[in-house]
Amino acid sequence: MIIDVAYVDPGPHGYSPYLHLAQLASEAFGGKCLRIPAERPSRLEKFGALWPQKRGNRACLFIAHAPGALKAFAAIPRWRAEYRYLCAWVFDSFWVDHVSRFVRYAQPFDHVYVTEAEDLEAWRQKFKVPVDWLPWGADVLRMGSTNAHRNVDACRIGRQPPAWEDDSATAAAFAARGLTFKGRPTGDYDPLKNQEIVAAHFSQSKFSLSFSNSVSPSVQTHPHRQYITARWTDALACGVTVAGVPPQCRTIDELLWPEALLKFESIDLDHGIERLREAVSQWTPARAQLNHVRALERLDWRLRLQKVAANAGAPVPPALAAGLSECKARVAAYEAANPAASHA
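If you're matching positions, the sequence shown starts at 164 in this note's numbering and goes up one per residue.
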């Protein structure tokens, strides 16, 4: 059975990891990639979505950047005629109250995936089908790095607490302690190019700064739920250790490893820089290699896509199988060369 990918396009600003995933999933599954505008579906599309039986012979993974975008499933062209199996993967799943009444009434999905394990109970109350945890990942295989020569002690991408927000001031504070800092890079509207810029940025750095929304809130963040985003997973894919105040969530507890994080006790700038100064003095290229390998075995998007294919009842497509095999081969080669690390 062929698996197509449909995704809601929220626009490029801040969504390049999500948009890159959609393209990667399409390539891995070998099916069509359908871009669905984020606008509200028409009344005709909504009416058609309420017909009872799907009658196609293909499967479709529908990717939504947020729960409120799920209603756009109705705009997938001829979805009832094309697909006998339709599953949804919802990012920013903590906004569970944003699922529309239309989606809850239509119940169009055969399986629903959410990125945060803490959301499972609430989502299972809204849908009559299996709801499972499929957390954030990264294109570790293609965008990751084990670069041993890193001339930046710490970098940043994305929001920071007020004390860390001014890149010039942060760089000066680092320099006063003999450390190097690199502020946010200039992005690109093309998702692939933007991800390449991000990967190059991370690959030159030993540590990156990321703070939980509990200590670094903004208008876009949830007021009390904590979670990771691509800032964590993309950094780890490139061998970087993420420094800051991490979120308290199952993704941190169950997917990450001790070397993945350098935890700060607070958002105080002097405290954080001192923690970094100590950690930088002990850093070796082996840390970057270990982080990249652990990301390969735990965070690569292909591991998530393998679960989607299995639950759809589809064999693993050749491109996905090849990617998974390469991930396993790299991990096996690392463990053969570093037997002590494989048992750490």
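Every residue gets a Cβ at the ideal spot worked out from N, C-alpha and C, and that includes glycine.
Just to confirm my understanding: we take residue i, look at its own chain, exclude 5 residues before and 5 after, and list those with CB closer than 6 Å. What are they?
| i | result |
| --- | --- |
| Pro-348 | Ile-360 and His-364 |
| Asp-316 | Leu-342, Thr-343, Lys-369 and Val-443 |
| Phe-192 | Ile-166 and Pro-480 |
| Asp-295 | Tyr-276 |
| Ala-244 | Gly-219 |
| His-506 | Caution applies to His-506, whose pLDDT of 49 falls short of 50 and renders its modelled position unreliable; the model cannot decide the point. |
| Ala-398 | Phe-365, Ser-371 and Val-405 |
| Pro-293 | His-274 |
| Cys-490 | Leu-304, Leu-459 and Asp-463 |
Excluding the five sequence neighbours on either side, which residues of its own chain have a C-beta within less than 7 Å of the C-beta of residue i, listed in chain order?
| i | result |
| --- | --- |
| Pro-409 | Ser-375, Ile-415, Leu-424 and Lys-426 |
| Gly-486 | Ala-191, Leu-304 and Arg-465 |
| Ala-185 | Val-168, Tyr-170, Cys-196 and Ile-226 |
| Gly-350 | Asn-357 and Ile-360 |
| Ala-229 | Phe-254, Asp-255, Trp-258 and His-261 |
Please state the DSSP three-state secondary structure of residue i.
| i | result |
| --- | --- |
| Val-408 | coil |
| Ala-227 | strand |
| Lys-195 | coil |
| Ser-444 | helix |
| Asn-501 | coil |
| Arg-319 | strand |
| Cys-490 | helix |
| Val-479 | coil |
| Pro-200 | strand |
| Arg-340 | coil |
| Phe-272 | coil |
| Tyr-246 | strand |
| Ala-311 | coil |
| Val-262 | coil |
| Trp-420 | coil |
| Leu-425 | strand |
Please classify residue i as buried or exposed, where buried requires at least 16 other C-beta atoms within 10 Å of its C-beta.
| i | result |
| --- | --- |
| Tyr-178 | buried |
| Thr-392 | buried |
| Val-471 | buried |
| Ser-256 | buried |
| Pro-325 | exposed |
| Tyr-497 | buried |
| Asn-357 | buried |
| Thr-447 | exposed |
| His-434 | exposed |
| Ser-429 | exposed |
| Gln-452 | buried |
| Arg-267 | exposed |
| Asp-260 | exposed |
| Pro-421 | exposed |
| Arg-319 | buried |
Would a C-beta distance cut-off of 8 Å place residue i and residue j closer than the cut-off?
| i | j | result |
| --- | --- | --- |
| Pro-271 | Leu-297 | no |
| Ala-400 | His-455 | yes |
| Ala-222 | Tyr-246 | yes |
| Leu-439 | Gly-407 | no |
| Trp-395 | Leu-187 | no |
| His-176 | Asp-302 | no |
| Cys-412 | Gln-445 | no |
| Glu-208 | Ala-237 | yes |
| Gly-174 | Asn-310 | no |
| Val-253 | Lys-289 | no |
| Gly-300 | Leu-419 | no |
| Ile-436 | Phe-337 | yes |
| Ala-334 | Gly-346 | yes |
| Met-164 | Ala-475 | yes |
| Trp-286 | Leu-432 | no |
| Ala-280 | Ala-235 | no |
Please go through the same chain and pick out, in chain order, the residues whose beta-carbon is closer than 8 Å to the beta-carbon of residue i, but skip the five residues on each side of it.
| i | result |
| --- | --- |
| Lys-291 | Gln-270 |
| Lys-195 | Asp-167, Val-168 and Ser-189 |
| Ala-362 | Met-306, Gly-307, Ser-308, Asp-397, Ala-400 and Cys-401 |
Determine, for residue i, whether the minimum Cβ-Cβ distance to residues of chain B falls below 8 Å.
| i | result |
| --- | --- |
| Ala-492 | Considering every chain present, this structure includes no chain B. It has just one protein chain. |
Are the segment 449-463 and the segment 480-494 in contact at 8 Å, needing three or more beta carbon pairs? At 8 Å Cβ cutoff, the stretches touch.
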